[in-house]
Structure formats: C-alpha cells, structure tokens
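Peer 1:
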Amino acid sequence: MPLSKTADFSEIQQLIYEIKIWGAAGDEISWQLLKAAPLPQCYFSRIPLLLDKMDEKVCLDLYYKPSILEGLPPAFTASLVMGGTRILAVDSGLAAMHLNKVGQGEEFYAQSFAHPHLHRATETALQGYAEPLPASDIEDLWEDFLLLANILEAPPLNFPDAQQGRLPL
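Right under this line is the structure:
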C-alpha cells in the first residue's frame, strides 16, 4: 500500500512491519563524502529498499561522522525513509541532546536525553519523537535497527575509509 501524503499512524506501522529487502545495493555500504561538511568529514549513503507488493519509494539513509577527539564517539544515524518522511531511525554519537516536543501521551514526551536513541512515529506525530536506548556500539545499533525496520539481506555495517567518496586526481 503506497504511503499517502496524509499518512496516518496505522499506515506508517504497516509500512514498518512490511519486509524490506536490501536488494541491488550490493554486499557493502557505498559511502559518499558530503562536500559541505566541516571537519571531520561526513559521509552519507542512500540505499533503496525493495518491498513486496508496494509501489512506495522506500530507502535507508545512513550518516557517519568519525570522531577526531579521544573519548568522543563517532556520529551515526540510520533512518528508514518512506514518502520523504523519516519514520524510524537510530541516532548515536551526535553532540546535541534530543528533546521530545511531540508525542503527547507517550512515555518520554517533553523529556530530553542523550544518544543513542530511537526515533519512531506516534499517533500524534509521524516524526520527531524518540526514546532513549542503552549505550551500545554502532554495530549493535545497526543490527537492532535492521530488525526493527524489518530489513533483510543487509550486509554487516562497514565504515567509510578516508579515501572513499573522493574524486581521483
């Protein structure tokens, strides 16, 4: 079922529970260097996902920023995006705290917390609400996210190297 421009919570939940296949994206994540990003360099990857019996454009957006300071974790985000809406995501290692301004009636409404955390749709907001997650390494968060998003046949998480995404001289 395609995601309508006025998708509701039940449509979002149904889309999340649909099986999504990694598909033709390959055996590893292909990272692209974000040119406008300050140091350290940031990387992005958009992976189209295949869904059975669905016309909706579904993709997985990944963001990675290595740490340049000892004791500061790298930043990583994995987002399930459908119809331009970030409906499920894991954020880890970002500098800012998250404040739930949406999700009235949910357990963590109006609370702020650090990373990692899980973004999910609620009945009152399709995006913007998050719940804290226990401290974990990025690889474990990746595996947990794949399970929650019902994404099959994804490769293990690989990180970009310093040369990936650069044009040859």
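Note that the sequence shown covers residues 194 to 362 in the numbering used here. C-beta atoms are modelled at their ideal positions from N, C-alpha and C, and glycine is treated no differently.
1) Which first and last residues belong to the alpha helix (DSSP H) in which glutamine 207 is found?
2) Leaving out the 5 sequence neighbours to the left and right, which residues in its chain are closer than 6 angstroms to cysteine 235 when beta-carbon positions are compared?
3) I'd like to check one pair, tyrosine 322 with valine 295: are the Cβ atoms closer than 8 angstroms?
4) Whose C-beta lies closer than 6 angstroms to the C-beta of leucine 350 among residues of the same chain, with five residues either side of it excluded?
5) Which residue from Met275, His308, Arg313 puts its Cα closest to that of proline 267?
6) Go ahead and pull the three-state DSSP assignment for glutamate 336.
7) Starting from valine 283, trace the beta strand (DSSP E) both ways and give me its first and last residue.
8) Output needed for leucine 244: all residues of its chain with C-beta closer than 6 angstroms, excluding positions within five of it in sequence on either side, in chain order.
9) Please state whether DSSP places isoleucine 261 in a helix, a strand or coil.
10) Can you give me the start and stop residues for the beta strand (DSSP E) that proline 241 sits inside?
11) Just verifying my parser: in three-state terms, what is the DSSP assignment at proline 361?
12) Classify isoleucine 214 as helix, strand or coil using the three-state DSSP reduction.
13) As a quick exercise: from Asp201, Glu204, Leu208, Phe202, pick the residue whose alpha carbon is nearest that of asparagine 343.
14) Please name the residue in Gln225, His312, Glu221 whose C-alpha comes closest to that of serine 238.
15) Where does leucine 232 sit, in a helix, a strand or coil, going by DSSP?
16) In angstroms, rounded to a whole number, what distance separates the CA positions of leucine 242 and serine 272?
Peer 2: Walking through what the data contain:
1) Start and end: 202-210.
2) Closer than 6 angstroms at Cβ, skipping near neighbours: Leu227, Lys258.
3) Yes, the pair counts as a contact, with Cβ atoms nearer than the cut-off.
4) Taken in chain order, the residues that qualify are Glu332, Trp335.
5) Checked all of Met275, His308, Arg313; the closest Cα to proline 267 is His308.
6) In this structure, glutamate 336 counts as helix in the three-state DSSP scheme.
7) 278-285 is the extent of the beta strand (DSSP E) around valine 283.
8) Closer than 6 angstroms at Cβ, skipping near neighbours: Glu211, Lys213, Val251.
9) Isoleucine 261 falls in the coil class under three-state DSSP.
10) Start and end: 235-241.
11) Reliability of the predicted coordinates at proline 361 is poor, the pLDDT of 40 falling under 50, and no value is obtained from them.
12) Under the three-state reduction of DSSP output, isoleucine 214 falls in the strand class.
13) Restricting attention to Asp201, Glu204, Leu208, Phe202, the CA atom closest to the CA of asparagine 343 is found in Leu208.
14) It is Gln225.
15) DSSP places leucine 232 in coil when its eight states are reduced to three.
16) Each residue's Cα considered, the two are about 12 angstroms apart.
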